[in-house]
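Quick note on numbering: the sequence shown equals residues 18 to 151 in my numbering.
Working notes, beginning with the structure itself.
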Amino acid sequence: DDQTIYICDQSNHRIVEWKWHAMSGQLLAGGNGNGSGPHQLDNPRDVIVDKDRDSLVICDWGNRRVVRWPRRNQRSAETIISNISCRSLTMDDTGSLYVAEDGKNEVRRYQGGVLQGIVVAGGNGEGNRSDQLS
C-alpha cells in the first residue's frame, strides 16, 4: 500500500524492508547469522505481510519451517508449520496460508492452526497435465 517492498536476503539470512525512495533497507527479521534459533533464519525463500496480525510470514527454507515474525518486535519468530521445504507462499483474505513445497509439485492450504495442509493444486506427480505441477 505504501510502496514498501520486503526482500528475502537469502545469503545474509534476513528479511529487509525497503521503503519508497529509501537509500538503505531496514532489518526486520533474522540477520543473526544462519541458524535454527527463534531469532535466526537459514536461507529464507519467500516473505509475505500479514496485515491483520502485523507480522511477516517467512519461508525459512534452510530450517524446513514457516515462521511468523512480528513486524514491531524483531527478536524472535513463532514456528507455524514444521518439517516443510517451503519454496513460496501466499495468504488469502480469510487468513488461509497457501504453501508450495520443494519437490512435492503441489500447493497446500493451511487454515486456522491446522498442522497438515490440504492439497489444493497439483499433488499428482510432476508433469504438464492440467492436474499436475512441475
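Glycine is no exception: its CB is placed at the ideal position from the N, C-alpha and C atoms.
Find out if the Cβ-Cβ distance for the pair residue i, residue j is shorter than 7 Å.
| i | j | result |
| --- | --- | --- |
| Trp86 | Leu73 | yes |
| Cys25 | Val64 | yes |
| Ile75 | Pro55 | no |
| Leu150 | Gly139 | yes |
| Gly79 | Asp59 | yes |
Could you spell out the range, first to last residue, of the beta strand (DSSP E) harbouring residue i?
| i | result |
| --- | --- |
| Val64 | Pro61 to Asp67 |
| Ser72 | Ser72 to Asp77 |
| Ala94 | Run containing Ala94: none; DSSP gives neither H nor E here. |
| Leu58 | First-last for Leu58: undefined, no H or E at that position. |
| Ala117 | Leu114 to Glu118 |
Please report whether the beta-carbon of residue i lies at a distance below 7 Å from any beta-carbon of chain B.
| i | result |
| --- | --- |
| Val74 | Here there is only one protein chain, and chain B is not present. |
Considering Cα atoms alone, identify which of the options is closest to residue i.
| i | options | result |
| --- | --- | --- |
| Asp15 | Arg125, Gly48, Lys121 and Glu95 | Residue 15 lies beyond the stretch modelled for the chain, which goes from 18 to 151, so this question has no answer here. |
| His30 | Ile22, Ser93, Gly52 and Asn100 | Gly52 |
| Glu118 | Asn100, Asp69 and Asp71 | Asn100 |
| Arg88 | Cys103, Val137, Glu143 and Lys68 | Lys68 |
| Arg146 | Asn122, Val136, Tyr127 and Gly130 | Asn122 |
| Gly120 | Ser102, Ile97, Gln128 and Arg70 | Ser102 |
| Gly48 | Arg92, Ile97, Gly130 and Gly142 | Arg92 |
Give me whichever residues DSSP pairs with residue i in a beta bridge.
| i | result |
| --- | --- |
| Ala138 | Val124 |
| Ala46 | Ile32 |
| Val131 | Partner(s): none; Val131 has no beta bridge. |
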